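Residue numbers (my numbering): 628 to 834.
Cβ atoms here follow ideal geometry from the backbone N, Cα and C, with glycine treated the same way.
The structure displayed is predicted, hence computed values, not measured ones.
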């Protein structure tokens, strides 16, 4: 298994540079990205396969997915040492949890309002993933996956804000397609991170 050759931070104490520290922590928990991807794919397939699903039901399921994804993102942010390099991932998690909880605790909420929540969540998700890719660009070749994911998420959110009143069937297909693409990219990125797990020697040197 290849090890990450991390640049040293100024000061000469063997500590990792911010980008390398971020890569190390994400790589240790690569399976969380895969799990996020699997959850998204399951949701997307459900949207396509459930005959006659209503928009409100789909959006409630999406709220559940956002909640699960938010929890996993926060776990990935705080697991494995100093969480500061992964604050953007924690923000993604908080946004997902808030969006998910609002879909269940707001009495009488409409599908239209839920779509707005989803759109805002997707834009925050996309922006933070693009930021994360920027931080990782010198450490891993697969950062383009995060950029692609971020761009797709931002465009998805903007599309919902631009035409929130589009037909229910069209929204179902758009959300389902987005979830499947999001999930596939998450899985690919997780497997890419797996190849960058630090070996014992690298971790000891970083310490």
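Contact with chain C by residue i, beta-carbon distance below 8 Å
| i | result |
| --- | --- |
| residue 732 | Although the question refers to chain C, the structure presented lacks it and comprises just one protein chain. |
Residue burial classification, residue i (beta-carbon count within 10 angstroms, cutoff 16)
| i | result |
| --- | --- |
| residue 692 | buried |
| residue 827 | The predicted position of residue 827 is uncertain, since its pLDDT is 44 and thus under 50; a value taken from the coordinates is nonetheless stated next. Flag for residue 827 reads exposed. |
| residue 659 | buried |
| residue 726 | buried |
| residue 715 | buried |
| residue 733 | exposed |
| residue 634 | Caution is warranted here: a pLDDT of 44 is assigned to residue 634, below 50, making its placement in the model unreliable, and the coordinate value is therefore given only provisionally. The residue is exposed, with fewer than 16 neighbouring Cβ atoms inside 10 Å. |
C-beta atoms of residue i and residue j nearer than 8 Å
| i | j | result |
| --- | --- | --- |
| residue 664 | residue 817 | yes |
| residue 770 | residue 760 | yes |
| residue 690 | residue 730 | yes |
| residue 724 | residue 694 | yes |
| residue 668 | residue 811 | yes |
| residue 699 | residue 653 | no |
| residue 666 | residue 696 | yes |
Reference residue i; option with closest CA among the options
| i | options | result |
| --- | --- | --- |
| residue 779 | 724, 806, 722 | 806 |
| residue 713 | 696, 787, 650 | 650 |
| residue 799 | 654, 822, 653, 680 | 680 |
| residue 788 | 748, 756, 661, 772 | 748 |
| residue 777 | 752, 676, 786 | 752 |
| residue 674 | 655, 797, 703, 821 | 797 |
| residue 682 | 764, 758, 820, 736 | 736 |
Review point. Okay, do the segment 677-686 and the segment 740-757 touch, 3+ Cβ pairs below 8 Å being the bar?
Key: yes
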